[in-house]
Every structure is written in C-alpha cells, then in structure tokens.
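Residue numbers (my numbering): 27 to 328.
The C-beta atom is built at its ideal place from N, Cα and C for all residues, glycine as well.
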Ligand code: NAD
C-alpha cells in the first residue's frame with residue numbers, strides 16, 4: 027500500500043506505517059494538489075485540516091481507507107466515501123481521558139475563578155475578595171451524555187466527592203447501575219445540578235438543546251461546561267443567561283463558529299474559554315496516531 031499522511035500526526039504512528047509500507051508525509055498539501063495526486067494513494071491519514079470532499083474522493087481511484095487520527099469526521103464526506111467503497115476509520119477512544127481531564131480543569135477553573143484571577147494578578151492587582159469560590163465536594167454533577175467521556179468525567183468527580191445524576195436516554199438502566207450513577211430526565215438534571223457537563227454528539231436532536239428554556243430551569247449558581255461540540259448550547263441564550271446572572275458561570279472549549287470571531291461571550295467575566303484543545307495532549311495524539319496506523323496496517327495485511 028502507498029499512504030499519504032496529509033495532516034501532522036505523532037511520529038510513532040508514522041514510524042509504524044513506514045515499517046510496513048510506502049509513506050509520503052505532506053502536511054501542507056493544498057486542496058488542489060490533493061485532488062491532483064490522491065489517485066496515487068491507497069490510504070490517507072488526516073486530522074481536521076484536510077477536507078476529504080466528494081471531489082477528492084471521486085478523484086481517488088485507488089483509495090481504500092481514510093483514517094482520521096482523532097474523533098470528529100465532519101471533514102470527511104462519508105456518503106461519498108461509502109458510494110466509492112472507501113472505508114473510514116477514526117480513533118474516538120484515544121482522547122476520552124484527555125477530554126475528561128480538560129473538563130475537570132474547566133470545572134475547577136469555574137468554581138475557583140482561576141482564569142480571571144490569573145489575569146488579575148498579571149494586571150498587578152490583588153483582589154482576593156473578588157475571587158471567592160465554591161468547593162466541588164458535596165455538589166451535584168449533572169452529566170448530559172454518559173458515553174466514553176461522560177463516564178470518565180463521572181469517575182473523576184467521584185474522587186472530588188461529587189454526586190452524579192445523568193441524562194442519557196440511550197444508556198440502559200443496568201449499565202447506569204454498574205457505573206454507579208442515577209439516570210433521570212433532562213429537566214431533573216437541569217433543575218438539580220450544581221455543575222452541568224455536556225458529552226453528547228451534535229445531532230438534530232442535541233442542536234440548541236440547551237437554550238433559554240433550559241437556562242431558566244437551572245439553579246442561579248449553576249455552572250455549565252461544554253467540551254463536546256459547538257451548537258449544542260445556544261450561544262445567544264448562554265450570553266443572556268450569563269449577562270443577566272441567571273446562572274453562576276460557564277466554560278466552553280467548542281463554539282458554534284470556530285474560531286469564535288467577534289463573539290459577545292468573549293467579553294464576559296463569568297465564562298472560561300479554551301480554543302478547542304480538550305483533546306490536545308501528547309498522550310491522546312500519540313494514541314490516535316497508533317490506532318489509525320494499526321487500522322491501515324491491518325487492512326494492508328488483509
Ligand atoms: P460517545 O458516543 O461515547 O458518548 C456519547 C453519549 O451521548 C452516548 O452515551 C449517547 O447515548 C449519548 N447521547 C446521544 N444523544 C443524546 C441525547 N440527545 N441526549 C443525551 N445523551 C445522548 O462519545 P464520546 O467519545 O464520549 O464523545 C462525546 C462528545 O465529545 C462527542 O460529540 C465528541 O465529538 C466530543 N469530543 C470533543 C472533543 C474536543 O476536542 N473538545 C474531543 C473528543 C470528543
């Protein structure tokens with residue numbers, strides 16, 4: 027097989043591929059160059075930069091596999107891949123712990139006002155009274171989506187002596203019981219949680235599933251974090267809830283538009299923002315590269 031590595035991935039994954047097949051690494055390849063050369067390759071490794079459009083896939087006469095080192099396959103035209111008999115693989119399990127740890131970081135940053143306190147000290151201020159926080163201990167964590175990441179967040183929150191309630195209509199009761207969590211409906215989570223964390227995919231059903239009506243149900247000191255996908259929280263409604271102090275605070279790693287240019291949320295003090303880095307650790311990126319390399323090697327071996 028001949029494989030193109032079109033986005034930067036961890037070197038260990040590239041070394042594994044090079045041991046088994048012909049590998050070309052070109053992580054600055056342009057869309058035009060990709061359309062012109064993709065016919066020479068049997069496999070391609072991408073992250074999110076390279077767009078595997080219908081045009082690219084239809085020009086890929088020999089392509090057998092598109093491997094996404096990471097989770098989201100929004101940059102791949104799955105229908106075109108299916109129609110052309112091209113397998114698409116990704117590595118969602120590689121980032122679960124990393125995203126769960128980032129979520130913990132954001133929960134603590136909200137509870138203890140870490141980001142804004144950091145800015146204050148760097149501005150030569152000493153505003154101790156302004157940064158009175160709350161403990162996580164004894165608080166109720168509301169989890170929306172109890173999959174790979176949600177369950178890792180719950181495990182970590184147990185160590186902080188939090189109590190978890192979960193909304194996930196697709197999670198069987200016995201599995202929830204084994205995980206030691208209480209399943210309930212969304213409104214009960216919204217009304218009772220002190221900290222809410224979202225770990226669902228972005229779908230028709232979840233888009234803007236947290237909007238004005240849902241913010242109205244939350245406790246006035248509730249904090250909400252979204253490390254899943256932009257658009258699950260209605261940002262306009264979030265801005266209203268935060269600016270009118272309907273809730274205590276929020277933290278986002280993902281946005282309706284990325285980067286969030288001229289977004290009013292960036293003007294608020296009661297929100298912590300990170301630039302879609304929840305999956306960005308050395309360990310997660312190495313894991314992703316190794317998993318996709320293994321998939322391609324397996325295909326090569328038949
Ligand atoms: P997963 O598939 O393991 O879990 C998703 C869970 O959501 C499942 O248990 C499913 O039953 C549940 N669910 C689906 N629809 C629901 C709904 N309408 N209401 C409540 N629950 C619902 O996925 P995961 O690996 O845990 O990832 C969760 C999300 O995190 C994904 O959207 C993924 O794209 C995102 N993510 C973000 C980053 C980042 O960099 N910020 C990195 C990795 C993953």
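Expected contact under 8 Å - CB spacing of residue i and residue j to nearest Å
i: residue 70; j: residue 92; result: 6 Å
i: residue 34; j: residue 60; result: Between residue 60 and residue 34 the Cβ distance is about 15 Å, and since that is not below 8 Å, they are no contact.
i: residue 125; j: residue 305; result: 6 Å
i: residue 49; j: residue 55; result: Contact flag wrong, Cβ pair sits at about 14 Å.
i: residue 27; j: residue 326; result: 5 Å
i: residue 311; j: residue 36; result: 5 Å
i: residue 331; j: residue 180; result: There is no way to answer for residue 331, as the model of the chain reaches only from 27 to 328.
i: residue 174; j: residue 231; result: Actually they are not in contact, since the Cβ atoms of residue 174 and residue 231 sit about 19 Å apart, beyond 8 Å.
i: residue 197; j: residue 209; result: 6 Å
i: residue 266; j: residue 295; result: About 16 Å; that fails the 8 Å criterion.
i: residue 52; j: residue 30; result: 7 Å
i: residue 160; j: residue 141; result: With 8 Å as the limit, residue 160 and residue 141 do not qualify as a contact, their Cβ atoms being about 16 Å apart.
i: residue 300; j: residue 279; result: 5 Å
Segment limits, alpha helix (DSSP H) that includes residue i
i: residue 175; result: 174–185
i: residue 304; result: Run containing residue 304: none; DSSP gives neither H nor E here.
i: residue 166; result: No alpha helix (DSSP H) holds residue 166; the beta strand (DSSP E) holding it covers 166–170.
i: residue 215; result: 212–218
i: residue 238; result: 238–243
i: residue 207; result: First-last for residue 207: undefined, no H or E at that position.
i: residue 266; result: 261–269
Reduced DSSP secondary structure (H/G/I, E/B, other) of residue i
i: residue 67; result: coil
i: residue 34; result: coil
i: residue 276; result: strand
i: residue 189; result: strand
i: residue 232; result: coil
i: residue 318; result: helix
i: residue 252; result: strand
i: residue 151; result: coil
i: residue 156; result: helix
i: residue 287; result: coil
Limits of the beta strand (DSSP E) - the one that residue i falls within
i: residue 223; result: 221–224
i: residue 299; result: 297–299
is_contact[residue i, chain B] using C-beta, thresh 8 Å
i: residue 41; result: Of the protein chains in the structure, only one exists, and it is not chain B.
Margin query: Counting beta carbon pairs with one atom in the stretch 152–171 and one in the stretch 207–227, are three or more of them shorter than 8 Å?
Written below: yes
Note to self: Please give me, in chain order, every unbroken run of the alpha helix (DSSP H) with length at least 4 that falls completely inside the stretch 77–149.
What the structure shows: Those alpha helix (DSSP H) runs which fall completely within the stretch 77–149 and span 4+ residues are 80–85, 104–109, 122–137 and 140–148.
Next item on the list: Only counting runs of 4 or more residues, tell me where the alpha helix (DSSP H) segments fall wholly within the stretch 36–61, in order along the chain.
Entry: 37–46
Check: Does the stretch 109–116 come within contact of the stretch 124–138, defined as at least 3 CB pairs closer than 8 Å?
Finding: no
Next item on the list: Report yes or no: do the stretch 237–255 and the stretch 266–281 share at least 3 C-beta pairs separated by less than 8 Å?
Entry: Taking one beta carbon from each stretch, the stretch 237–255 and the stretch 266–281 have 3 or more pairs nearer than 8 Å; the two touch.
Margin query: Using 8 Å as the cut-off, can you tell me whether the stretch 286–300 makes contact with the stretch 68–88, which would need three or more C-beta pairs spanning the two stretches below that distance?
Written below: no
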